[in-house]
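> Residue numbers (the UniProt record's numbering): 1 to 62.
No residue lacks a Cβ here, since even glycine has one placed at the ideal position from N, Cα and C.
Submitted below is the structure of interest, expressed as structure tokens.
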């Protein structure tokens, strides 16, 4: 897989994951009256998870 595909997958993970984290996190926060803590936690999870996967993929493939 070349660099363009890796970058596209990384950006797609960040964008789709962030959109999911915002909407789902906002809904859960409203249900539990914890605004905005769960949304922030999910966004951080998406960010660090995506970075972890990017590092793992690039180190595995050289």
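Measure the Cβ-Cβ separation of residue 26 and residue 35 and say whether it is below 9 angstroms.
Looking up residue 26 in the chain shown gives position 26. Looking up residue 35 in the chain shown gives position 35. Yes. Within cutoff.
> So what's residue 58 in DSSP terms, helix, strand or just coil?
Along the chain shown, read from residue 1 onward, the residue named residue 58 stands at position 58. In the structure shown, residue 58 sits in a helix (DSSP, three-state: H, G or I).
> By Cβ distance below 8 angstroms, which residues in the same chain neighbour residue 14 in space, the five residues on each side in sequence not counted?
Counted from its first residue, the chain shown places residue 14 at position 14. Answer for residue 14: 46, 47, 50, listed in chain order.
> In whole angstroms, what is the alpha-carbon distance linking residue 63 and residue 58?
As shown, the chain starts at 1 and ends at 62. That puts residue 63 outside it, with no answer to give.
> With DSSP as the reference, label residue 33 as helix, strand or coil.
On the chain shown, position 33 is the one that residue 33 refers to. Coil, per DSSP.
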